[in-house]
Amino acid sequence: MCGRYYVDDETSREIEKIVRKLDQRLKIEHGQDIHPSESAVILTKECKEVAARQMQWGFPGFQGKGLLINARAEAILDKKTFRDSVLHRRCVIPAHHFYEWSKNKEKYTFQSPKQDATLFMAGCYQIYNGQNRFVILTTQANASVAPVHERMPLLLERQELEDWIMEDAAVEFILAKKPILLNRTAEYEQLKLFS
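Residue numbers for the sequence shown follow the numbering used here, beginning at 17 and rising by one.
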């Protein structure tokens, strides 16, 4: 599960490099964590090009209770709540890093092994009461995340962004892919007095 991520200056610059025209009304937050229910800049298709748009994180839960912030990639095509969105309204959520918490409630940061590289999380969106809302797709955790949590975001390579957003034929292939290994850092590493 991905329940929080971070956008920094480099992430903002990467968004600006990817989109051809950046809407000046967009408020690209940087230097802060993005939490569920907050508004964030995501990448999606607009007029056959990749565009940046502001959307709120999370689909309303059943009967308006709670918030669905993630969708399982391996089951998304079978779920009525997400099927139409993943087939017709895919998006990418750029982040510098994301967080996961262990069962012991220890916070870990996961980021690209490449210096200052942006992570690209696969997502899909839907319109609820006139408001665009997105979810982050998750997959089974790889070796870098599994010691902390059993799920992780479905991560895309930079060259896969347009295929995910634009190409319907690429959906099933990308849904089945394994994410890259990440660097993991414990938020509060406990000092050991004895070895």
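For each residue, glycine too, the CB sits at the ideal point set by N, CA and C.
Predicted model, so just to flag it, every value in this text is computed and none were measured.
Residue pairing by DSSP places residue 110 opposite 136 in a beta bridge.
In this structure, 52 is the residue among 184, 52, 26 and 194 with its C-alpha nearest to the C-alpha of residue 115.
When the beta-carbon positions are compared, residue 140 and residue 105 come within less than 7 Å of each other.
Of the residues assessed, residue 163 falls on the exposed side of the cut-off, its CB having fewer than 16 other CB atoms within 10 angstroms. Restricted to the stretch 65 to 120, the alpha helix (DSSP H) segments that are unbroken, complete and at least 4 residues in length are 96 to 104, listed in chain order. Cβ neighbours of residue 199 within its own chain (closer than 8 Å, five residues either side excluded): 126, 127, 128, 129 and 160. Secondary structure of residue 61 (DSSP, three-state): strand. DSSP places residue 198 outside any beta strand (DSSP E), giving it a letter other than H or E.
The DSSP-derived three-state label of residue 149 is strand.
From the listed residues 113, 59 and 35, the smallest Cα separation to residue 18 is found for 113.
Secondary structure at residue 187: helix, using DSSP grouped into helix, strand and coil. DSSP places residue 167 in the uninterrupted beta strand (DSSP E) bounded by 167 to 169. Residue 93 counts as exposed, since fewer than 16 other C-beta atoms from the protein chains shown sit within 10 angstroms of its C-beta. Closest by C-alpha distance to residue 79, out of 97, 68 and 88, is 97.
Residue 147 counts as exposed, since fewer than 16 other beta carbons sit within 10 angstroms of its beta carbon. Sequence-distant partners of residue 186 (beyond 5 residues in either direction) whose C-beta falls short of 7 Å from its own C-beta, in its chain, are 179 and 180. Per DSSP, the unbroken alpha helix (DSSP H) holding residue 25 starts and ends at 25 to 34. In the three-state reduction of the DSSP assignment, residue 175 falls in the helix class. Here residue 189 is exposed. Its C-beta has fewer than 16 other C-beta atoms within 10 Å. Boundaries for residue 131: no beta strand (DSSP E) harbours it, and the DSSP string shows neither H nor E there.
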